[in-house]
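Protein chains in written order, with our numbering: chain X, 1 to 311; chain F, 312 to 575. Think of the CB as a built atom: it goes at the ideal place given N, C-alpha and C, for glycine as much as any other residue. Quick caveat, the model's predicted, so the values are computed rather than measured. Before any comments, here is the structure.
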């Protein structure tokens, strides 16, 4: 793959800018006023339950639909009006992407590369495990293979911005892992990635920032760490010692008491650092030794569910 | 760097017409089988049929290609999200429409040539005498039918609707268009109705009937109008709904034919 898109062509302008965006389908209000920006070189994940407005937002960013209200700018251009120009600088993988059934992947890569005024880059396929399928008609490829091809089409022209709508849905674990590596590689090369996903672990692992959309509005925005820190969920601390001193004596620290599961003492704490320090001192004072200590902050998934349920 | 994207698009659409069974059936097999049956049966029953057999079967083949094959194929492509892929990958809307139309035109060149050669050599059909008029008629017919087929593709929201709309034009064109029977055998009211259909005008040009150039002009104008209206009504996917009133624009390409009713 060639070097990635430069993120510096338009100065400090964000890669994507969405302001006052609203979209309805008949009487159904899919998006009720969303504002956000995607900075160049970052990976931003859009999260939300089904029907939250993620795909509507992405489709307007991709130029497939027009906003009813508000403005959307992609690399400084209106995607609804300048889709052909933007196609050279943006790569898109749709949630359900029709590809010409009678084409082979090789022909598809050539076909779309020519419309972008470039020669095809077959090397994009090699990282996705489609090498052996280049001359098979698309209609004979599995859904997963078709998704890989759609991804290869989205990145073969080394775009500045890549928009991915649930890129790993329906993919096997190995391919998903490969895809995550590919996204990290794209980011290192300066490519901006806007990603809609239902996979919280994926968002937590890859995204610099996360936006949670619920019922057509932004419910939370920030880094995965900021999002998880913002809830009422407490950090879980689990400890197991050689002599089971904690289990036997059941100490309490600043009102935090333990529950017990076999050899483990468990508790939920708003200040896990302080608790662990006090716990270590207490265990040492008892002449005991730690066998296992785990500190688990709330996952993005737990926090996501909390946000969605609170609405 | 010149990459000639539209050329490769057109070549792909042409190949797809050979690879996809439904297109192959409607572009080649169905019209050819119908031609052989009609030539064998009608040629024996009605010797006059041999006079117009070749143009009539060419008109039939073009109707099959542009009304039975192309619209449902294009609407199915739109339903499958293919045009969305075109949009995000920088394929202009005109190219998405023009490529299948032109690919079908090439298929029709082959089919027309086969009909003309086999018609003359095997079924004793009358060969065209004025080749320039014949070629003009062929181009006008293909242009008009491609335009109408395209309009059906653009207006119909589902493949089922596309098939129904296409049949509304296809069946009367076969029955009233002068393909099987001479147009002067039709009652005057029906011959006025027949003038709305492009097949009638194409047969007038092929026959060299009085005022055939008016029919050629109507076909050409209808083709241009259909192309413009199709571009105006084109949508990337079925969810982008146009107001129903705007779809009435699709009737504009009929106007040139309707006018010929009044100027005789």
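{"Query": "Beta carbon proximity, residue 100 (chain X) to chain F, threshold 8 Å", "Result": "yes"}
{"Query": "Chain F contact for residue 92 (chain X) (CB, 8 Å cutoff)", "Result": "yes"}
{"Query": "Whether residue 377 (chain F) touches residue 465 (chain F) by CB criterion (8 Å)", "Result": "no"}
{"Query": "Any chain B beta carbon closer than 8 Å to residue 472 (chain F)", "Result": "In the displayed structure, chain B is absent; the protein chains listed are X and F."}
{"Query": "Span of the beta strand (DSSP E), counted from its first residue to its last, around residue 25 (chain X)", "Result": "16–25"}
{"Query": "Residue range of the unbroken alpha helix (DSSP H) whose run includes residue 302 (chain X)", "Result": "300–310"}
{"Query": "Extent of the continuous beta strand (DSSP E) run through residue 264 (chain X)", "Result": "264–269"}
{"Query": "Separation of residue 148 (chain X) from residue 64 (chain X), as counted between CA atoms", "Result": "21 Å"}
{"Query": "Span of the alpha helix (DSSP H), counted from its first residue to its last, around residue 228 (chain X)", "Result": "224–229"}
{"Query": "Contact residues within the segment 315–330 of chain F, judged by C-beta distance below 8 Å to chain X", "Result": "315, 316, 319, 320, 323, 326, 327, 330"}
{"Query": "Exposed unless 16 or more other CB atoms sit within 10 angstroms - verdict on residue 395 (chain F)", "Result": "buried"}
{"Query": "Which residues DSSP lists as bridging residue 91 (chain X), in chain order", "Result": "X:162"}
{"Query": "Residues near residue 497 (chain F) in its chain [Cβ-Cβ closer than 7 Å; skip 5 each side]", "Result": "487, 505"}
{"Query": "Cutoff 6 Å; reference residue 112 (chain X); Cβ partners in own chain excluding five residues on either side", "Result": "153"}
{"Query": "Local conformation of residue 42 (chain X) per DSSP, three classes", "Result": "coil"}
{"Query": "Cβ-based contacts, 8 Å cut-off: residues of the segment 53–71 of chain X near chain F", "Result": "62, 63, 64, 65"}
{"Query": "Beta-carbon neighbours of residue 313 (chain X), restricted to chain F and to distances below 8 Å", "Result": "Past the edges of chain X, shown from 1 to 311, lies residue 313 (chain X), and the structure says nothing about it."}
{"Query": "Near-chain F residues of the segment 109–143 of chain X - C-beta to any C-beta below 8 Å", "Result": "110, 111, 112, 113, 114, 115, 116, 117, 118, 119, 137"}
{"Query": "Any C-beta of chain X under 8 Å from that of residue 312 (chain F)", "Result": "Interpretation of residue 312 (chain F) is limited by its pLDDT of 46, a score under 50 that renders its predicted location unreliable; no figure is taken from the coordinates."}
{"Query": "Contact set for residue 501 (chain F): own chain, Cβ-Cβ below 7 Å, skip 5 residues either direction", "Result": "487"}
{"Query": "Three-state class that DSSP yields for residue 286 (chain X) in the structure shown", "Result": "coil"}
{"Query": "First through last residue of the beta strand (DSSP E) which encompasses residue 212 (chain X)", "Result": "209–214"}
{"Query": "Bridge-paired residues (DSSP) for residue 294 (chain X)", "Result": "X:238"}
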